[in-house]
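Peer 1:
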Amino acid sequence: MARRTEEHDYRDCTDPDCPRFPCRVYKEGIQAGYWRGYMDGESAGFAAGYAAGAASAAPAAG
Numbered sequence: 368m369a370r371r372t373e374e375h376d377y378r379d380c381t382d383p384d385c386p387r388f389p390c391r392v393y394k395e396g397i398q399a400g401y402w403r404g405y406m407d408g409e410s411a412g413f414a415a416g417y418a419a420g421a422a423s424a425a426p427a428a429g
């Protein structure tokens with residue numbers, strides 16, 4: 368479903384006191400280091416061969 372241009376997106380919200388639940392939860396996760404941990408984990412997984420394993424497990428095209 369396409370987003371309306373006037374819709375409030377929690378990822379773009381800059382109001383530190385926004386009362387919307389998605390905005391608060393997103394900001395709390397960012398402050399708690401979720402995004403940094405996610406990126407570090409993804410990098411470690413790819414370095415350990417996750418991409419090669421995922422590619423070999425993917426169904427063959429055709």
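Following our numbering, the numbering of the sequence shown begins with 368 at its first residue and continues without gaps. C-beta atoms are modelled at their ideal positions from N, C-alpha and C, and glycine is treated no differently. Note that the structure is predicted; figures quoted are calculated from it, not measured.
Once DSSP output is grouped into helix, strand and coil, what is the label at Gly400?
Peer 2: The residue given as residue 400 occupies position 33 in the sequence shown. Correct three-state label for Gly400: coil.
Peer 1: Helix, strand or coil, according to DSSP, for Ala425 in the structure here?
Peer 2: Here residue 425 refers to the residue found at position 58 of the sequence shown. Of the three classes helix, strand and coil, the one that applies to Ala425 here is coil, per DSSP.
Peer 1: Within a Cβ cutoff of 8 Å, which residues of the same chain sit near Arg387, ignoring the five residues on either side of it in sequence?
Peer 2: Within the sequence shown, residue 387 is the residue found at index 20, counting from 1. If we look at Arg387 and ignore the five residues flanking it on each side, its Cβ neighbours are His375, Tyr377, Cys380.
Peer 1: Have a look at Lys394 and Ala425 and give me their C-alpha separation to the nearest angstrom.
Peer 2: Indexing the sequence shown from 1 puts residue 394 at position 27. Indexing the sequence shown from 1 puts residue 425 at position 58. Rounded to whole angstroms, Lys394 to Ala425 spans 35 Å at the Cα level.
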